[in-house]
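Engineer: Structure in structure tokens, see below.
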Amino acid sequence: MLTRHGCTINPLTAECRVAREKIQPYDGIMADEVNRLVILGSGPAGLTAALYSARANLAPLVIEGMEPGGQLTITTEVENYPGFERGIQGPEMMEVFRRQAARFGTRFLSSQVTAADLSRAPFELVTDDGNVRAEALIISTGASAKLLGIDSEKRMMGYGVSACATCDGAFFKDKEVIVVGGGDTAMEEATFLTRFCKKVTIVHRRNQLRASKIMQERATRNPRIAFVWDSIVDEIYGEQKTGVSGVRLKHSVTGALSDFKTDGVFIAIGHQPNTAIFRGQLEMDEMGYLKVRPGSTYTNIEGVFAAGDVADRVYRQAVTAAGTGCMAALDAERWLEARHG
Ligand code: NDP
């Protein structure tokens, strides 16, 4: 089962743990050191940016963040990343990315940035382990799928619960699944899932959809899509070994509880870009996604670049994140080169 989003539940494999231990960690922050390039986040965007910039001799420092490896580390199998013909486990894939970046001199700091001052150069980043200064900065802090917040969702994430239909839909061939949410994402995910699933039921907490008219029409016209209104998923039944077997629904008006049989649960209640610490400094859209100059990774601040899901509310795929990570490294390299002549 594969899923890109959610909470950390899958431990790294023994093989990955050994590989991780072999990589030299960054051996301490020096107060007066100015790093040429700091990369925030260690998902596909951050690690691809690290690979490219390390190969350009920039010795990037990756601050790994709260979820090292990013959303793919809560994935089991990844089948849609080109180059892995038979698929690969998400955590293992991120270890491969990490080792590849480390091979060319990337340094890693296992810490989290809690505040940033981008008002002057060098940029100053406050981490749990001290302040880090950077001449250029690539922000690839990702976006997190919003989740329901129930224990069974956490337990079954990657085992029948998913927050990404594009990633996981194919695992539910001829199955019956539910999609939770009433926005455009829920309609899009439900419509996409009908390519594989026998039946898709959209469970929405109100009796009116938030989705745009066209997306609503597309979903309601689809004979494989059904709706359950005024309901929230209160509990997910199943075991990791056998997958999801059903959910308990709670009526949002009456509070009545009922059981609903299903093979899978797709959570589609929105995403939250991880940009809170940049509010008021970097330009963002109304949802908090960083704005970049079209066709580039330049933000509104010179020397600050954005890559991956943090600047992408549309595609949100590992491969697109890696692509923009490469762009950010090239943009940063050229920007630094122009500065130093
Ligand atoms: P939205 O915020 O638009 O919708 C989220 C949905 O999830 C709402 O229906 C909301 O219910 C429901 N929800 C939120 N929290 C919970 C919860 N805790 N429990 C149950 N239900 C919950 O997010 P989307 O991701 O759907 O869309 C985000 C943006 O991206 C929108 O601007 C959308 O138009 C755009 N988008 C466009 C697409 C396209 O054009 N192809 C595809 C996908 C997204 P309620 O309605 O009651 O608030």
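In terms of this note's numbering, the sequence shown opens at residue 188 and continues consecutively. C-beta atoms are modelled at their ideal positions from N, C-alpha and C, and glycine is treated no differently.
Taking the CB atoms as reference points, tell me whether G425 and F447 lie closer together than 8 Å.
Structural biologist: Residue 425 sits at position 238 when you count from the first residue of the sequence shown. Residue 447 sits at position 260 when you count from the first residue of the sequence shown. Contact: no.
Engineer: Using only the alpha-carbon positions, how far apart do K209 and M281 sit?
Structural biologist: Position 22 of the sequence shown, counted from the start, is the residue given in the question as residue 209. Position 94 of the sequence shown, counted from the start, is the residue given in the question as residue 281. Only weak support exists for where K209 lies, its pLDDT of 45 falling under 50; the coordinates are left without a value.
Engineer: Restricting to runs no shorter than 3 residues, where is the beta strand (DSSP E) found entirely within the stretch 321-363?
Structural biologist: 330-332
Engineer: Look at F414 and I389 and say whether their C-beta atoms are less than 8 Å apart.
Structural biologist: Within the sequence shown, the letter at position 227 stands for residue 414. Within the sequence shown, the letter at position 202 stands for residue 389. The answer is yes: Cβ separation under 8 Å.
Engineer: Count the other C-beta atoms from every protein chain shown that fall within 10 angstroms of the C-beta of M394, then say buried if there are 16 or more, exposed otherwise.
Structural biologist: Here residue 394 is taken as the residue at index 207 of the sequence shown, counted from 1. Going by the sequence as given, residue 394 is Asn instead of Met. Exposed: under 16 other Cβ atoms inside 10 Å.
Engineer: Determine which residues share a DSSP beta bridge with Q468 and list them.
Structural biologist: Looking up residue 468 in the sequence shown gives position 281. The partner list for Q468 (beta bridge, DSSP) is empty, contrary to what the question assumes.
Engineer: Would you say the beta carbon of A373 comes nearer than 7 Å to a heavy atom of ligand 1?
Structural biologist: Counting from one through the sequence shown, the residue named residue 373 turns up at place 186. Yes, the Cβ of A373 comes within 7 Å of a heavy atom of ligand 1.
Engineer: Report the residue ranges of all beta strand (DSSP E) runs contained in full by the stretch 421-506; include only those spanning at least 3 residues, in chain order.
Structural biologist: 430-438, 444-448, 451-454, 458-460 and 491-493
Engineer: Do D450 and G475 count as a contact pair if the criterion is CB distance below 8 Å?
Structural biologist: Translated into positions along the sequence shown, residue 475 becomes position 288. Translated into positions along the sequence shown, residue 450 becomes position 263. Going by C-beta atoms, G475 is not nearer than 8 Å to D450.
Engineer: Specify whether the stretch 291-306 and the stretch 237-248 touch according to this definition: at least 3 beta carbon pairs, one from each stretch, less than 8 Å apart.
Structural biologist: yes
Engineer: Indicate whether F544 and S349 have their beta-carbon atoms separated by less than 8 Å.
Structural biologist: Beyond the ends of the chain as shown, which are 188 and 528, falls residue 544; an answer cannot be given.
Engineer: Express the C-alpha separation of R342 and R408 in angstroms, rounding to a whole number.
Structural biologist: To locate residue 408, count along the sequence shown from 1; it is residue 221. To locate residue 342, count along the sequence shown from 1; it is residue 155. Answer to the nearest angstrom: the Cα atoms are 34 Å apart.
Engineer: If we count the other Cβ atoms within 10 Å of its Cβ and call it buried at 16 or more, is I325 buried or exposed?
Structural biologist: As a first step, residue 325 is located in the sequence shown; it is residue number 138 there, counting from the start. By the 10 Å Cβ count, I325 comes out buried.
Engineer: For G528, does the count of other Cβ atoms within 10 angstroms reach 16, so buried, or fall short, so exposed?
Structural biologist: Your numbering for residue 528 matches position 341 in the sequence shown. The residue in question, G528, is exposed, as its Cβ has fewer than 16 Cβ neighbours within 10 Å.
Engineer: Would you say the beta carbon of L477 is closer than 7 Å to some non-hydrogen atom of ligand 1?
Structural biologist: Working through the sequence shown from its first residue, we reach residue 477 at position 290. No, Cβ of L477 sits at least 7 Å from all heavy atoms of ligand 1.
Engineer: Considering only heavy atoms of ligand 1, does any lie closer than 7 Å to the CB of L380?
Structural biologist: On the sequence shown, residue 380 is found 193 positions in, with the first residue counted as 1. Every heavy atom of ligand 1 is 7 Å or more from the Cβ of L380, so no.
Engineer: Grouping DSSP H, G and I as helix and E and B as strand, with all else coil, what is F271?
Structural biologist: Numbered from its first residue, the sequence shown carries residue 271 at position 84. Taken through DSSP and simplified to helix, strand or coil, F271 comes out as coil.
Engineer: Taking 7 Å as the line, does the beta carbon of V367 fall inside it for any heavy atom of ligand 1?
Structural biologist: Taking the first residue of the sequence shown as 1, we reach residue 367 at position 180. Yes, ligand 1 has a heavy atom inside 7 Å of this Cβ.
Engineer: Roughly how many whole angstroms lie between the Cα atoms of G347 and E473?
Structural biologist: The residue you call residue 347 lines up with position 160 of the sequence shown. The residue you call residue 473 lines up with position 286 of the sequence shown. Their backbone Cα atoms lie some 32 Å apart in a straight line.
Engineer: Measure the alpha-carbon distance for Q211 versus E272 and round it to whole angstroms.
Structural biologist: As a working note, residue 211 is residue 24 in the sequence shown. As a working note, residue 272 is residue 85 in the sequence shown. Since pLDDT at Q211 reaches only 48, below the 50 mark, its modelled position is unreliable, and the value read off the structure follows with that caveat. So the two alpha carbons sit approximately 30 Å from each other.
Engineer: If you compare alpha carbons, which of A493, Q468, G329 and K437 is closest to L224?
Structural biologist: Counted from its first residue, the sequence shown places residue 224 at position 37. Checking every option, the nearest Cα to that of L224 belongs to A493.
Engineer: On the DSSP letters alone, give me the boundaries of the beta strand (DSSP E) that L380 sits inside.
Structural biologist: Within the sequence shown, numbered from 1, the residue matching residue 380 stands at position 193. From DSSP, L380 is part of no beta strand (DSSP E) but of the alpha helix (DSSP H) over D371 to L380.
Engineer: For Q403, which residues of its own chain have a beta-carbon under 8 Å away from its beta-carbon, when the five flanking residues on both sides are left out?
Structural biologist: Counted from its first residue, the sequence shown places residue 403 at position 216. M374 and L396.
Engineer: If P247 and I226 are in contact, beta carbons under 8 Å, what's the gap, nearest whole angstrom?
Structural biologist: Looking up residue 247 in the sequence shown gives position 60. Looking up residue 226 in the sequence shown gives position 39. Right, the Cβ-Cβ distance comes to about 5 Å (below 8 Å), so this counts as a contact.
Engineer: For R204, which three-state DSSP category applies?
Structural biologist: In the sequence shown, residue 204 corresponds to position 17, counting from 1. Any reading at R204 must be qualified, since the residue scores a pLDDT of 41, below 50, and its modelled position is unreliable; the value itself is stated next. Assignment of R204 by DSSP, reduced to helix, strand and coil, places it in the helix class.
Engineer: Q287 by DSSP, collapsed to three states: which one?
Structural biologist: Residue numbering aside, residue 287 sits at position 100 when the sequence shown is read from its first letter. Residue state, collapsed to three classes: helix.
Engineer: Using DSSP's beta-bridge definition, name the partner residues of G292.
Structural biologist: Your numbering for residue 292 matches position 105 in the sequence shown. Residue pairing by DSSP places G292 in no beta bridge whatsoever.
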